[in-house]
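Take a look at the structure below.
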Amino acid sequence: MKSIIKFLIKITAGHLYKSHKGSNALDLYDQTVIFAPFRCKVVKTYDTGGTNSVWYQSVEKVLTPLGWYYVTFRCAHMDTSKFKQLGIVIGKVFEQFDACYYAGNGGTKDKHCHIEFGLGKMKGSGWLNTGYTAFNLPVKKIDTEFGSRPVYECVFLDQGVKVIQCDDYQNSYTWKYLEDEKKMEFKNGYQELAYLKQKIHLYKQSGKEELALIALPWGQVQDITKFVLPGYKIICITNANYFGMQTDNGYLGRCQGYGADARTIGKGETGFTGDDKPFMDLVVLKDGTVKAGDFNSWDYPIEEVLIGTSPAGVQLLNGKDVNKYSPACGYAKVTTPNTQTLLIKNSDGTFSLATVEGKLSLLQCRDFVKQYGCTEMSGQDSGGSSQMVVNGEKMHYTTGRKIPVCLAIVEKIEDEPEEPVTPPTDDKDLKINELIQEVAKLNKTVEEANALVDSVNKQLVDEIKQNELLNEKIERAKKDLA
């Protein structure tokens, strides 16, 4: 459900008015009726001084210009007769676009409706002092989980709704219309975003870029910056699968891509010892289709698959909210805020990789990607493993933990066009031409081998340096003990 205002807004006093300072409140002049912007329930009333204030809270998260949130709003100054007519009591539910409040003269001489919004559920008494005073009274603001917010951050305006400003209203608001919401999408390439005040690093695939999974041989781990894929340029790379998914009896999670074709053993298969699989399966087929569930090892062989992985959870699939998770990870991986690594499918069929540098639950991550029209989202290994490197630059690299498997956005390195070969005129020319072509192929093979040797040498040099540092620490420890 979207948070929507459908009625004309005639504002006489904005958030800068003396009795509104610090509260983000508006006064709606001669507003005969206020229609509920979403399905909401009454969570508090306050009638001291005849103001007949009412706090309303959405019954579920709603889509706002800032994303998916519970939203709370407060209205004041309704006449007591209207208050009774609406049957206002705590717990009463109003459907979206129901008349839920009327402008009036309750506690004021000028007929109007005082209205203010906050993101999240109501906290405590429902309001706080702003530190300002007006008319010898303290100015208060709504108190919610994520605080008082300007109205334009909490609701969309329906198409055709007009905002009329007059008197003390100063129009510094950037109102969002429903058509703006429809245009929200990730831009191509790298971008830094924020949701619930948490930093998110995201890279969206475009052009000739491809989604890939790169796996090391079983038991090996290395720094994310050391991963290579011959014949491809790695543009963006993140961590992927969990550790420890292989046993003597078989593989307990799915890992398919470059360097791996491991698939979960299932009930009835050799080596299966329990009724539940420790890890669930997710595959991206070569046509871009995403499948997730509890698969057998013979389901989705490598010939059909672009990548295969075992995520902690899948919370968005085929554009619908789902709540799938790996038993080995536990449901707490879904609900507990943490750093995260996400695999996302965009509405245009491309994929994005993202890491949350702050702390969000996978349910909150789903709310984040849904506002951009995404159709699929899964959470990979999280916590200290979450990291992202873009074109060699460490965008999110908190711990530098060595990892066994990575997800990546890559681009194939195009071979330089070969010079046209002049057709041979006799047997001698033909043999010379064949030899030239063989030498060219050998040179190319040598270049590729040298590149691989350079990569291995670089890793060996790094390991030697680490050993030297370790030896130095040991020697210092020996001296300290002596």
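Going left to right, the sequence shown walks through residues 7 to 488 as my numbering numbers them. Even glycine gets a Cβ: it sits at the ideal position worked out from N, Cα and C.
Q) Between Phe-79 and Ile-121, which are expected to be in contact by the criterion C-beta below 8 Å, what is the C-beta distance as a whole number of angstroms? A) Residue 79 sits at position 73 when you count from the first residue of the sequence shown. Residue 121 sits at position 115 when you count from the first residue of the sequence shown. Confirmed, about 6 Å.
Q) Alpha carbon to alpha carbon, what distance is there between Tyr-107 and Asp-327? A) Walking along the sequence shown from the start, residue 327 turns up at place 321. Walking along the sequence shown from the start, residue 107 turns up at place 101. Cα-Cα distance, rounded: 33 Å.
Q.
Would you call the segment 382-389 in contact with the segment 435-444, where contact means no fewer than 3 C-beta pairs closer than 8 Å?
A. no
(Q) To the nearest angstrom, how far is the alpha carbon of Asp-4 from that of Leu-369? (A) In the structure as shown, the chain starts at 7 and stops at 488, and residue 4 therefore has no counterpart that could be examined.
Q) Straight-line CA distance for Ser-514 to Gly-112? A) Nothing can be reported for residue 514, as the shown portion of the chain is limited to 7 through 488.
Q: For the segment 360-432, list the beta strand (DSSP E) runs that are entirely contained and at least 3 residues long, ordered along the chain.
A: Listed in chain order, the complete beta strand (DSSP E) runs (minimum 3 residues) inside the segment 360-432 are 382-385, 394-396, 399-402 and 411-418.
Q | Three-state secondary structure (DSSP) of Val-320 | A | Against the sequence shown, residue 320 aligns to sequence position 314. Val-320 falls in the strand class under three-state DSSP.
Q. Going by C-alpha distance, which of Met-190, Leu-125, Pro-144 and Glu-191 is nearest Ser-159?
A. Your numbering for residue 159 matches position 153 in the sequence shown. Strictly speaking, residue 159 in this sequence is Glu, with Ser absent from that position. For the residues Met-190, Leu-125, Pro-144 and Glu-191, the minimum Cα distance to Glu-159 belongs to Leu-125.
Q: Alpha carbon to alpha carbon, how far is Val-157 from Val-99? Give it in angstroms, no decimals.
A: On the sequence shown, residue 99 is found 93 positions in, with the first residue counted as 1. On the sequence shown, residue 157 is found 151 positions in, with the first residue counted as 1. Each residue's alpha carbon lies about 21 Å from the other.
Q. Which term fits Pro-223, buried or exposed, when burial requires 16 or more other beta carbons within 10 angstroms of its beta carbon?
A. Here the question's residue 223 lines up with position 217 in the sequence shown. Exposed is the call here.
Q: For the segment 67-118, list the beta strand (DSSP E) runs that are entirely contained and at least 3 residues long, ordered along the chain.
A: 68-70, 73-75, 77-82 and 105-108
Q: Could you name the residues of the same chain whose beta carbon sits closer than 6 Å to that of Pro-43, not counting the 5 residues immediately before and after it, in chain order?
A: Start at 1 with the first residue of the sequence shown, and residue 43 comes out as number 37. Counting only Cβ-Cβ distances below 6 Å, and skipping sequence neighbours, we find Ser-9, Ile-10, Ile-11 and Val-161.
Q: Measure from the alpha carbon of Ile-143 to the alpha carbon of each residue in Lys-88, Lys-27 and Leu-92, then state which is nearest.
A: Residue mapping note: residue 143 aligns to position 137 of the sequence shown, counting from 1. Looking at the sequence shown, residue 143 is not Ile but Leu. The candidate whose alpha carbon is nearest that of Leu-143 is Lys-27.
**Q.** Beta-carbon separation (whole angstroms), Lys-129 vs Ile-419, contact threshold 8 Å
**A.** Position 123 of the sequence shown, counted from the first residue, corresponds to residue 129. Position 413 of the sequence shown, counted from the first residue, corresponds to residue 419. Cβ atoms of Lys-129 and Ile-419 stay farther apart than 8 Å, at about 55 Å.
**Q.** Neighbourhood of Gly-137 by C-beta, 7 Å cutoff - its chain only, sequence neighbours within 5 removed
**A.** What you label residue 137 is simply residue 131 of the sequence shown in a count that begins at 1. Taken in chain order, the residues that qualify are Gly-28.
Q) When the Cα of Glu-395 is compared with those of Gly-93, Phe-89, Glu-309 and Phe-233, which residue comes out closest? A) Here residue 395 refers to the residue found at position 389 of the sequence shown. Going by the sequence as given, residue 395 is Val instead of Glu. Answer by Cα proximity: Phe-233.
Q: Determine the direct distance from the alpha carbon of Asp-421 to that of Thr-295, and round the result to whole angstroms.
A: The residue labelled residue 295 in the question sits at position 289 within the sequence shown. The residue labelled residue 421 in the question sits at position 415 within the sequence shown. About 30 Å.
Q.
Suppose contacts are defined by Cβ-Cβ distances below 8 Å. Is Tyr-183 in contact with Gly-195 by that definition?
A. Translated into positions along the sequence shown, residue 183 becomes position 177. Translated into positions along the sequence shown, residue 195 becomes position 189. Taking 8 Å as the Cβ cut-off, Tyr-183 and Gly-195 do not qualify as a contacting pair.
Q | Under 8 Å between C-beta atoms of His-402 and Thr-342 | A | Position 396 of the sequence shown, counted from the first residue, corresponds to residue 402. Position 336 of the sequence shown, counted from the first residue, corresponds to residue 342. Taking 8 Å as the Cβ cut-off, His-402 and Thr-342 do not qualify as a contacting pair.
**Q.** Where Leu-487 sits in the DSSP three-state scheme
**A.** In the sequence shown, the residue the question calls residue 487 occupies position 481. Leu-487: helix per DSSP, three-state reduction.
Q: Identify which residue in Asn-473, Cys-371 and Gly-398 has its Cα closest to the Cα of Val-340.
A: As a first step, residue 340 must be located in the sequence shown, where it is residue number 334. It is Cys-371.
**Q.** Through-space distance from Gly-364 to Lys-205, alpha-carbon basis
**A.** Counting from one through the sequence shown, the residue named residue 205 turns up at place 199. Counting from one through the sequence shown, the residue named residue 364 turns up at place 358. Cα to Cα, the separation comes out at about 6 Å.
**Q.** Integer-rounded CB distance, given that Ala-218 should sit under 8 Å from Leu-235
**A.** Taking the sequence shown and counting its residues from 1, one reaches residue 235 at position 229. Taking the sequence shown and counting its residues from 1, one reaches residue 218 at position 212. Right, their Cβ atoms sit about 7 Å apart.
(Q) Do Asn-30 and Lys-127 count as a contact pair if the criterion is CB distance below 8 Å? (A) As a first step, residue 127 must be located in the sequence shown, where it is residue number 121. As a first step, residue 30 must be located in the sequence shown, where it is residue number 24. No, Cβ-Cβ distance for Lys-127 and Asn-30 is not below 8 Å.
Q: Using the Cα positions of Ile-463 and Glu-453, report the straight-line distance between them to the nearest angstrom.
A: Here residue 463 refers to the residue found at position 457 when the sequence shown is read from its first residue. Here residue 453 refers to the residue found at position 447 when the sequence shown is read from its first residue. Sequence inspection shows Asn at residue 463; the Ile mentioned does not correspond to that position. Between Asn-463 and Glu-453, the C-alpha separation is close to 15 Å.
Q) Is Asp-354 buried or exposed, if buried means 16 or more other CB atoms sit within 10 Å of its CB? A) Taking the sequence shown and counting its residues from 1, one reaches residue 354 at position 348. With fewer than 16 Cβ atoms within 10 Å of its Cβ, Asp-354 is classed as exposed.
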